[in-house]
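Participant: Dumping the structure here so I can ask a few things about it.
4 protein chains.
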Amino acid sequence: MELEQTFTQALEYGRQYISGGQVATYIPELAKADPNWLAVCAVTTDLQSYAYGNAGQKFTLQSIAKVISLILALESVGEDVVFSKVGMEPTGDPFNSIVKLEKVSTHTPYNPMINAGAISVATNIPGATLEQRFDNFLQFTRKICGNEDISLSFETYLSEKRTGDRNRALAYMMKSGGVLTGSVEEHLDLYFMICSVLATCRDIAFLGAVLANNGIHPQTGEQLVSPRHLKIVRSLMVTCGMYDASGYFATMVGLPSKSGVGGGIVSVVPNVMGIGVFGPALDERGNSIGGVKILEYLSEQLNLSMF
Amino acid sequence: MELEQTFTQALEYGRQYISGGQVATYIPELAKADPNWLAVCAVTTDLQSYAYGNAGQKFTLQSIAKVISLILALESVGEDVVFSKVGMEPTGDPFNSIVKLEKVSTHTPYNPMINAGAISVATNIPGATLEQRFDNFLQFTRKICGNEDISLSFETYLSEKRTGDRNRALAYMMKSGGVLTGSVEEHLDLYFMICSVLATCRDIAFLGAVLANNGIHPQTGEQLVSPRHLKIVRSLMVTCGMYDASGYFATMVGLPSKSGVGGGIVSVVPNVMGIGVFGPALDERGNSIGGVKILEYLSEQLNLSMF
Amino acid sequence: MELEQTFTQALEYGRQYISGGQVATYIPELAKADPNWLAVCAVTTDLQSYAYGNAGQKFTLQSIAKVISLILALESVGEDVVFSKVGMEPTGDPFNSIVKLEKVSTHTPYNPMINAGAISVATNIPGATLEQRFDNFLQFTRKICGNEDISLSFETYLSEKRTGDRNRALAYMMKSGGVLTGSVEEHLDLYFMICSVLATCRDIAFLGAVLANNGIHPQTGEQLVSPRHLKIVRSLMVTCGMYDASGYFATMVGLPSKSGVGGGIVSVVPNVMGIGVFGPALDERGNSIGGVKILEYLSEQLNLSMF
Amino acid sequence: MELEQTFTQALEYGRQYISGGQVATYIPELAKADPNWLAVCAVTTDLQSYAYGNAGQKFTLQSIAKVISLILALESVGEDVVFSKVGMEPTGDPFNSIVKLEKVSTHTPYNPMINAGAISVATNIPGATLEQRFDNFLQFTRKICGNEDISLSFETYLSEKRTGDRNRALAYMMKSGGVLTGSVEEHLDLYFMICSVLATCRDIAFLGAVLANNGIHPQTGEQLVSPRHLKIVRSLMVTCGMYDASGYFATMVGLPSKSGVGGGIVSVVPNVMGIGVFGPALDERGNSIGGVKILEYLSEQLNLSMF
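Protein chains in written order, with the numbering used here: chain A, 1 to 307; chain B, 1 to 307; chain C, 1 to 307; chain D, 1 to 307.
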């Protein structure tokens with residue numbers, strides 16, 4: 001098949017850039033990753049599936065969880081509630097910057113794709129207890145990724161929790177302005193947990209396929225994301241999804257995408273397919289260096305850009 | 001026709017919001033505008049044309065010129081040269097902010113849609129003299145807007161020049177880092193001139209139609225924007241085109257767009273049409289308050305969003 | 001006596017400005033203060049004592065504690081240890097700003113007189129437990145203020161602790177850079193406690209007298225502050241002691257001083273006396289509005305300025 | 001004499017640190033300086049004079065001119081006029097930073113010792129033409145430095161003018177907020193000229209002596225600085241005079257001082273003497289590295305600190 005050949009070539013193209021990147025080291029679990037791992041998967045809206053490279057290797061979702069969490073929050077409490085405590089604008093700053101929080105008297109974060117914004121968004125995940133809230137997230141993740149075996153990396157969660165002081169600073173800043181209420185540590189626990197969910201490249205490709213398929217699960221036909229929420233999620237992935245390289249990525253790839261420091265990137269080709277790439281060697285902005293190149297190659301060869 | 005009715009309704013919908021906005025007053029020429037003016041035009045890729053409201057009213061392009069200037073620069077000197085002196089990332093700051101220029105040791109502006117970035121981009125417009133450079137811009141504008149009568153508002157140019165000290169600050173900051181070379185005042189003269197070109201709602205709709213038609217002039221068939229440059233321009237319009245409301249606008253309208261404080265907004269519906277709206281009453285971010293609402297209505301009713 | 005008359009006149013002069021200020025309201029205990037309270041006290045290096053107005057009214061030290069804490073830290077662990085985790089430079093920003101913490105990769109606060117800096121400094125107060133550390137602070141405060149009855153306002157401490165999220169943000173930011181180690185909440189507990197110590201105008205005048213008397217307790221002759229530490233403390237009081245009005249205050253009063261949002265200000269007239277003023281109505285920078293005017297009057301009439 | 005020995009030792013002490021610094025290179029005239037030059041001079045209020053090292057070597061005043069310009073402005077138009085267009089607060093930022101100008105809607109600079117503030121202050125120097133205004137500055141400089149031969153380095157002025165784009169950015173930012181009116185280039189010309197005045201170590205020691213002698217010329221008895229203006233100048237020298245090392249310098253030296261990138265530092269020992277040091281090798285903050293050490297030595301040995 002021609003498509004298969006393109007994926008294979010994309011993988012080889014991306015592999016050439018791996019040596020220019022570095023594995024995240026702020027927690028031991030991420031530092032254990034092999035920088036040479038590289039994978040690309042795709043799931044089409046008619047359920048064709050493609051997988052190349054280390055497609056079975058699990059990694060933690062990290063910031064990719066921000067997309068799932070945003071969807072779940074929107075579907076649970078609606079747009080007005082979610083965006084009363086987070087904005088929709090890119091920041092131009094690193095994902096963990098606290099500067100713009102001080103600029104607004106309410107300390108409301110600019111968008112759901114930076115850490116502060118994701119912490120705010122996650123407060124909307126329903127549940128009476130932390131366990132229930134995380135379980136709701138996990139069940140939703142399993143459903144939207146089409147994999148009942150997705151689970152938490154407890155070690156990563158504990159590491160995130162242990163080293164999460166910058167996120168605590170963001171959270172307490174927001175609490176001081178009223179964006180967060182209740183226990184900050186519990187909000188952070190949930191945030192650290194959702195960041196620590198293990199998935200494979202294929203899982204996030206499935207997530208991308210749901211977002212490509214107008215929010216409808218391609219197997220069950222269930223509407224997991226409403227049309228309005230889909231617009232919000234896909235547009236925020238374009239404007240803010242690739243950290244402070246989002247603008248460049250939009251010109252080079254032109255697909256709604258979200259990366260995580262675990263090395264994964266999910267991309268959405270509307271009406272066609274979801275793509276998942278994985279490569280833990282990161283560029284200086286925190287995006288998978290090989291993964292970005294794979295997506296550039298695919299976008300170019302298959303003419304996928306929205307722009 | 002159904003489409004005609006939708007445009008008419010969009011105009012009436014937008015009109016309800018006019019009273020919440022204010023005409024720009026930093027120069028007398030803008031302050032003279034009637035806040036009640038409102039118009040919407042469209043030009044399809046197969047050259048159907050629609051015009052409603054004050055469609056014949058001229059206004060200055062202001063920041064909409066940033067799009068034309070970017071295209072001309074890219075077509076003239078290529079992507080590498082243009083982006084050696086400007087980035088591609090949104091800032092999260094107001095369009096005239098100088099703060100992020102200081103953050104980078106070279107004082108390179110973040111993107112072509114903020115003032116600093118547009119001043120940098122315009123230096124690439126070719127010509128031996130200021131007059132030739134502006135003439136090149138004007139000829140290109142006439143061509144891409146499909147109107148040979150487009151001309152400069154000399155009064156606006158003089159006003160911009162007289163009150164342009166904030167832009168001078170941006171320009172000298174860039175010069176101190178090597179982003180600009182040569183005469184700052186001449187660079188600014190060109191920038192002030194291109195901002196002061198008079199156009200109508202129909203003219204910018206035609207510009208949008210070219211960007212919708214894969215960069216090809218729908219009448220002459222001339223390729224005015226190469227495919228790669230088209231991706232750059234349309235993606236930057238999405239991530240940075242509506243000042244620091246770009247993220248919100250992407251969720252609500254979902255079309256590559258660029259606004260100007262003269263009250264115009266150009267929007268691109270890929271493969272379908274260009275839309276121009278005009279309404280000099282601005283919201284607090286500097287976007288036409290009625291114009292944004294017209295575009296929201298059209299996007300919703302005609303299902304135009306890319307997302 | 002002429003001096004007595006000057007103090008009386010200073011009090012009346014300051015009283016005229018009270019109506020322009022407002023009592024701090026971020027915690028109930030501060031909001032309970034009567035904005036009309038006003039007092040001025042002085043203790044000379046030869047132990048003459050002066051007291052006018054509401055000199056017996058207790059108030060919480062708030063930021064004045066930063067001076068005592070800095071002295072105790074310096075005397076306990078030395079200059080090198082203290083200033084390995086805090087700088088000596090004014091910030092130009094409000095006392096609770098977090099922006100400059102992000103600018104430095106280690107997240108080291110700029111000086112001991114802003115909240116972040118004071119939290120860092122307080123970590124040097126010795127003691128095996130929180131109770132011992134606070135007790136060390138309290139005993140030192142009693143000694144340097146010459147009043148064995150000085151005690152904690154437990155209600156204020158609890159309020160500070162309950163509403164201290166901005167300070168938590170500062171603290172976690174510092175912890176993420178390694179400035180703080182161990183339990184943030186315990187560090188904050190100590191900080192909230194030392195801010196919540198109750199004193200009178202006379203008590204802080206005595207503190208000023210020690211700093212005026214070359215660091216020597218004027219009654220016991222004990223050297224409480226070494227000569228080198230005295231220079232550090234008095235110079236930081238001048239450059240950073242009056243929040244972001246320190247520069248103006250230096251020209252108008254010209255004395256090493258430190259204010260607190262409880263309404264107190266301690267001023268040092270080297271070799272002559274310590275002055276304490278108290279008035280809970282604050283100006284917009286957080287300094288006692290009447291207190292500042294009293295000090296301006298005294299400095300002018302008695303020619304006290306160092307400059 | 002003992003004092004002579006102390007000066008000699010101070011010079012030798014300072015010399016040890018020279019190799020850790022670097023000569024300013026942003027203009028050729030500064031780059032020509034020999035990094036090994038080092039000098040210390042003093043002029044007492046009773047006109048005793050001391051000079052050691054390269055005391056006859058001329059250098060440009062650079063930022064030391066900010067002090068003279070501030071005095072002349074204050075004496076010419078008064079405190080209220082001067083401080084309607086500049087503040088009194090330290091910034092915590094580098095001397096050429098533009099960030100804080102944007103924070104204030106009027107773009108008023110924070111203090112007279114940073115570039116923006118000094119440009120604002122210099123607009124108050126009286127004169128019908130640029131030539132007259134500079135001549136007024138020059139005459140006043142000759143008088144307050146006690147040297148009729150002080151003159152302009154025209155080469156330095158031209159270099160400053162040619163490379164002064166960062167200062168132009170500051171100036172146009174201020175003009176856009178109304179802090180400056182009229183010709184920015186003329187304001188900058190004056191500013192560049194006053195920075196380019198040549199002086200020796202002995203000249204600035206004399207300046208220091210006037211400020212030490214309550215503003216009275218020690219030879220002629222003329223009151224060059226009024227008592228109120230003296231407080232303003234000496235306090236601003238303490239809080240803001242040594243760039244963003246002012247706080248540290250206050251603890252280590254404790255004297256009102258002002259440095260320039262030409263390598264000079266003027267220090268004031270109230271009622272005793274003025275000290276001038278000179279050494280073009282600068283530390284990373286822009287202060288003479290040997291000069292600072294000389295002053296630290298003198299302050300320590302002679303117990304000069306105000307604190």
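Where is the CB? At the ideal position from N, CA and C, for every residue including glycine.
No experiment lies behind these values; they were computed from the predicted model shown.
1. Specify the secondary structure class of Ala-10 (chain A) as computed by DSSP and reduced to three states.
2. Is Lys-293 (chain B) buried or exposed, if buried means 16 or more other CB atoms sit within 10 Å of its CB?
3. Apart from the five residues just before and just after Asp-203 (chain B), which ones in its own chain have a Cβ nearer than 8 Å to its Cβ?
4. Quick check on Phe-134 (chain A): buried or exposed, where buried means 16 or more other Cβ atoms within 10 Å of its Cβ?
5. For the segment 165-180 of chain C, list every residue whose C-beta sits within 7 Å of some C-beta in chain A, in sequence order.
6. Is Asn-124 (chain D) near Phe-95 (chain D), with beta carbons less than 7 Å apart?
7. Quick check on Ser-22 (chain A): does DSSP put it in helix, strand or coil?
8. Does the CB of Glu-300 (chain B) have a neighbour CB from chain A at under 7 Å?
9. Mind checking who Tyr-52 (chain B) pairs with in its DSSP beta bridge?
10. Would Pro-256 (chain C) pass as a contact of Met-237 (chain C) if the rule is Cβ separation under 7 Å?
11. Can we say the segment 260-278 of chain B touches the segment 44-52 of chain B, given the rule of at least three CB pairs closer than 8 Å?
12. Mark Lys-175 (chain B) as exposed unless 16 or more other C-beta atoms lie within 10 angstroms of its C-beta, in which case mark it buried.
13. Is it true that the segment 239-256 of chain D meets the segment 176-192 of chain D, where meeting means three or more beta-carbon pairs spaced less than 8 Å apart?
14. Taking C-beta to C-beta, are Gly-53 (chain D) and Leu-38 (chain D) nearer than 7 Å?
15. Comparing alpha-carbon positions, which option in A:Leu-224, A:His-229, A:Pro-28 and A:Tyr-248 lies nearest Thr-141 (chain A)?
16. Cβ of Phe-316 (chain A) within 7 Å of Cβ of Gly-241 (chain A)?
17. What does Gly-247 (chain A) touch in chain B if you count any residue whose Cβ is under 9 Å from its own?
18. Comparing the C-beta of Ile-125 (chain B) with each C-beta of chain D, is any distance below 7 Å?
19. Let me know if Arg-162 (chain B) comes out buried or exposed under the rule of 16 or more other beta-carbons within 10 Å of its beta-carbon.
20. With a threshold of 7 Å between beta carbons, is Lys-254 (chain D) in contact with chain C?
21. At a CB-CB cut-off below 7 Å, which residues of chain C make contact with Val-99 (chain A)?
22. Kindly indicate if chain A contains any beta-carbon less than 7 Å away from that of Ser-84 (chain B).
23. What do you get for Lys-100 (chain B), buried or exposed, if any count of 16 or more other CB atoms within 10 angstroms of its CB means buried?
24. Could you tell me if Phe-278 (chain B) is buried or exposed, where buried requires 16 or more neighbouring beta carbons within 10 angstroms of its beta carbon?
25. For Phe-83 (chain C) versus Lys-231 (chain D), is the C-beta distance shorter than 7 Å?
26. From the beta carbon of Thr-251 (chain D), is the nearest beta carbon of chain C less than 7 Å away?
27. What span of residues does the alpha helix (DSSP H) with Ala-128 (chain A) cover, start to end?
28. Under 7 Å between C-beta atoms, does Met-306 (chain B) make it to chain A?
29. At the 7 Å Cβ level, is Lys-258 (chain C) part of the contact set with chain D, yes or no?
30. Taking all protein chains shown into account, decide if Gly-20 (chain B) is buried (16 or more other Cβ within 10 angstroms of its Cβ) or exposed.
31. Can you tell me which residues form a DSSP beta bridge with Gly-87 (chain B)?
32. Could you compute how far the alpha carbon of Pro-112 (chain C) sits from the alpha carbon of Val-121 (chain C)?
33. Starting from the C-beta of Glu-89 (chain D), find all residues in its chain whose C-beta is less than 7 Å away, skip the five residues before and the five after it, and write them out in chain order.
34. What would DSSP say about Gln-273 (chain A), mapped onto helix, strand or coil?
35. Take Thr-156 (chain C) and list the residues in its own chain whose beta-carbon comes closer than 6 Å to its own, dropping the five residues that flank it on each side.
36. I'd like to know whether the C-beta atoms of Val-117 (chain A) and Val-67 (chain A) end up nearer to each other than 7 Å.
Facilitator: Straight from the coordinates:
1. The sequence position of residue 10 (chain A) within the first sequence is 10, counting from 1. Ala-10 (chain A): helix per DSSP, three-state reduction.
2. As a position in the second sequence, residue 293 (chain B) is number 293, starting the count at 1. In the assembly as shown, Lys-293 (chain B) is a buried residue. Its beta-carbon has 16 or more other beta-carbons within 10 Å.
3. The residue you call residue 203 (chain B) lines up with position 203 of the second sequence. Excluding residues up to 5 positions away in sequence, Cys-145, Gly-146, Asn-147, Ile-150 and Gly-276 lie with their Cβ nearer than 8 Å to the Cβ of Asp-203 (chain B) in the same chain.
4. For the purposes of this step, residue 134 (chain A) is taken as residue 134 along the first sequence, with counting starting at 1. With at least 16 other beta carbons inside 10 angstroms of its own, Phe-134 (chain A) counts as buried.
5. Result list: Asp-165, Arg-166, Arg-168, Ala-169, Tyr-172, Met-173, Lys-175 and Ser-176.
6. On the fourth sequence, position 124 is the one that residue 124 (chain D) refers to. On the fourth sequence, position 95 is the one that residue 95 (chain D) refers to. Inclusion of Asn-124 (chain D) and Phe-95 (chain D) in the CB contact set at 7 Å is not warranted, their separation being larger than that value.
7. Translated into positions along the first sequence, residue 22 (chain A) becomes position 22. Note that residue 22 (chain A) is Gln in the sequence shown here, rather than Ser. Looking at Gln-22 (chain A) - three-state DSSP - the assignment turns out to be strand.
8. As a position in the second sequence, residue 300 (chain B) is number 300, starting the count at 1. It does not: the Cβ of Glu-300 (chain B) has no partner Cβ on chain A nearer than 7 Å.
9. Position 52 of the second sequence, counted from the first residue, corresponds to residue 52 (chain B). The partner list for Tyr-52 (chain B) (beta bridge, DSSP) reads B:Val-40.
10. Locating residue 256 (chain C) in the third sequence gives position 256, where the first residue counts as 1. Locating residue 237 (chain C) in the third sequence gives position 237, where the first residue counts as 1. Cβ atoms of Pro-256 (chain C) and Met-237 (chain C): closer than 7 Å.
11. Proximity of the segment 260-278 of chain B to the segment 44-52 of chain B meets the contact definition, three or more beta-carbon pairs being nearer than 8 Å.
12. Taking the first residue of the second sequence as position 1, residue 175 (chain B) is located at position 175. With a threshold of 16 other beta carbon atoms within 10 Å, Lys-175 (chain B) meets it and is buried.
13. Contact between the segment 239-256 of chain D and the segment 176-192 of chain D is absent: fewer than 3 CB-CB pairs across the two stretches fall below 8 Å.
14. Within the fourth sequence, the letter at position 53 stands for residue 53 (chain D). Within the fourth sequence, the letter at position 38 stands for residue 38 (chain D). Yes.
15. As a position in the first sequence, residue 141 (chain A) is number 141, starting the count at 1. The option with the nearest alpha carbon to Thr-141 (chain A) is A:Leu-224.
16. Residue 316 (chain A) is absent from the structure shown; chain A starts at 1 and stops at 307.
17. What you label residue 247 (chain A) is simply residue 247 of the first sequence in a count that begins at 1. One finds Gly-87, Met-88, Glu-89, Pro-90, Tyr-110, Asn-111, Ser-235, Leu-236, Thr-239 and Cys-240 in chain B with Cβ atoms closer than 9 Å to the Cβ of Gly-247 (chain A), taken in chain order.
18. Locating residue 125 (chain B) in the second sequence gives position 125, counting from the first residue. No, Ile-125 (chain B) does not count as interfacial toward chain D.
19. For the purposes of this step, residue 162 (chain B) is identified with residue 162 of the second sequence, where counting begins at 1. Answer is exposed; the Cβ neighbour count stays below 16.
20. Residue mapping note: residue 254 (chain D) aligns to position 254 of the fourth sequence, counting from 1. The question names Lys, but residue 254 (chain D) in the sequence shown is Gly. Yes, contact with chain C.
21. Taking the first residue of the first sequence as position 1, residue 99 (chain A) is located at position 99. For Val-99 (chain A), the residues of chain C that pass the 7 Å Cβ criterion are Val-99 and Glu-102, in the order they occur in the chain.
22. As a first step, residue 84 (chain B) must be located in the second sequence, where it is residue number 84. Using beta-carbon distances, Ser-84 (chain B) does not count as an interface residue toward chain A, since no partner is under 7 Å.
23. Here residue 100 (chain B) refers to the residue found at position 100 of the second sequence. Lys-100 (chain B) is classed as buried because its beta carbon has at least 16 other beta carbons within 10 Å across all chains shown.
24. One-based indexing of the second sequence puts residue 278 (chain B) at position 278. The residue in question, Phe-278 (chain B), is buried, as its Cβ has 16 or more Cβ neighbours within 10 Å.
25. Within the third sequence, the letter at position 83 stands for residue 83 (chain C). Within the fourth sequence, the letter at position 231 stands for residue 231 (chain D). No, the pair does not count as a contact, with Cβ atoms beyond the cut-off.
26. Counted from its first residue, the fourth sequence places residue 251 (chain D) at position 251. Thr-251 (chain D) belongs to the set of residues whose beta carbon lies under 7 Å from a beta carbon in chain C.
27. By one-based count along the first sequence, residue 128 (chain A) stands at place 128. Segment: none, Ala-128 (chain A) is in no alpha helix (DSSP H) and carries neither H nor E.
28. As a working note, residue 306 (chain B) is residue 306 in the second sequence. Under the Cβ criterion of 7 Å, Met-306 (chain B) is counted among the residues facing chain A.
29. One-based indexing of the third sequence puts residue 258 (chain C) at position 258. Any Cβ of chain D closer than 7 Å to the Cβ of Lys-258 (chain C) would place that residue at the interface, and such an atom is absent.
30. Here residue 20 (chain B) corresponds to residue number 20 of the second sequence, with the count starting at 1. Burial call: exposed.
31. Within the second sequence, the letter at position 87 stands for residue 87 (chain B). Partner(s): none; Gly-87 (chain B) has no beta bridge.
32. Position 112 of the third sequence holds residue 112 (chain C). Position 121 of the third sequence holds residue 121 (chain C). Distance between the alpha carbons of Pro-112 (chain C) and Val-121 (chain C) is about 7 Å.
33. Position 89 of the fourth sequence, counted from the start, is the residue given in the question as residue 89 (chain D). Hits under 7 Å: Tyr-110 and Asn-111.
34. Taking the first sequence and counting its residues from 1, the one referred to as residue 273 (chain A) is at position 273. Per the sequence shown, the amino acid found at residue 273 (chain A) is Met instead of Gln. DSSP places Met-273 (chain A) within a strand segment (E or B) once states are collapsed to three.
35. What you label residue 156 (chain C) is simply residue 156 of the third sequence in a count that begins at 1. Cβ within range, chain order: Glu-29, Thr-60 and Ser-196.
36. Your numbering for residue 117 (chain A) matches position 117 in the first sequence. Your numbering for residue 67 (chain A) matches position 67 in the first sequence. For the record, residue 117 (chain A) in the displayed sequence is Gly; it is not Val. No, the pair does not count as a contact, with Cβ atoms beyond the cut-off.
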